[in-house]
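**Student:** Here the sequence shown stands for residues 0 to 122, where the numbers follow numbering that gives the first Met the number 0. Quick reminder that beta carbons are idealized off the backbone N, C-alpha and C, glycines included. Because the structure is a prediction, the values reported are computed rather than measured.
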Amino acid sequence: MLTQFSYVGLFIIIGAVFILVTLGIPILLTHLGVVPKKPSKVKQDTYECGMETTGRSWVQFNFRYYIFALMLIVVDVLAVFLYPWAANLGDLGAPAFFVIAFFLFIVTVGYIYAWKKKALEWQ
0 MLTQFSYVGL
10 FIIIGAVFIL
20 VTLGIPILLT
30 HLGVVPKKPS
40 KVKQDTYECG
50 METTGRSWVQ
60 FNFRYYIFAL
70 MLIVVDVLAV
80 FLYPWAANLG
90 DLGAPAFFVI
100 AFFLFIVTVG
110 YIYAWKKKAL
120 EWQ
């Protein structure tokens, strides 16, 4: 049992060393003078798809974009759960059917709630 935990401890140590080395290399190279550090207006300018920025850089987006993005994530999670369930339905049996029916019920209630609150309408 101790050997099993030693693998976990070794994995944590290797992960911590990797993070420290990854963060330390740029700092070390900057102090050694390998990485040039000459700020200029061109380097600090906003870069957007190779085109120069026109107008203000900061734009406030409509919050409905986020609601539609969240709805997309819900549908994606639904697909991630439904596909393996459908592929193994014969092996899983009746309990799995009731679990996924409950899951679909929760998602449907959330969708109906959003529809009743008119959160899905674009104005």
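Can you give me the start and stop residues for the alpha helix (DSSP H) that Leu27 sits inside?
**Tutor:** Where Leu27 is concerned, the enclosing alpha helix (DSSP H) stretches over 1–31.
**Student:** Could you tell me the distance, in whole angstroms, from the CA atom of Ile13 to the CA atom of Lys36?
**Tutor:** Taking the straight line from one Cα to the other gives about 31 Å.
**Student:** Leaving out five residues before and five after Gln59 in sequence, what residues of the same chain have Cβ atoms less than 6 Å from its Cβ?
**Tutor:** Closer than 6 Å at the Cβ level, and outside the excluded window around Gln59, lies no residue.
**Student:** Which whole runs of the alpha helix (DSSP H) in the stretch 78–102 are 4 residues long or more, in chain order?
**Tutor:** With a minimum length of 4 residues, the continuous alpha helix (DSSP H) runs that stay inside the stretch 78–102 are 88–91.
**Student:** Using the Cα positions of Phe96 and Leu88, report the straight-line distance between them to the nearest angstrom.
**Tutor:** Each residue's Cα considered, the two are about 8 Å apart.
**Student:** Pick from Val106, Leu9, Phe62, Asp44: whose alpha carbon is nearest that of Phe80?
**Tutor:** It is Val106 whose Cα lies nearest to the Cα of Phe80.
**Student:** Starting from Val43, trace the alpha helix (DSSP H) both ways and give me its first and last residue.
**Tutor:** Looking at the sequence itself, residue 43 is Gln, so the reference to Val does not match. Gln43 -> alpha helix (DSSP H) spans 40–43.
**Student:** Residues in its own chain within less than 7 Å of Lys117 by CB, not counting five upstream and five downstream?
**Tutor:** Closer than 7 Å at the Cβ level, and outside the excluded window around Lys117, lies no residue.
**Student:** Under the three-state reduction of DSSP, which class applies to Phe104: helix, strand or coil?
**Tutor:** Note: Phe104 maps to helix in three-state DSSP.
**Student:** Going by C-alpha distance, which of Asp44, Leu119, Ile99 is nearest Leu71?
**Tutor:** Looking at the Cα atoms, Leu119 is the closest of the given residues.
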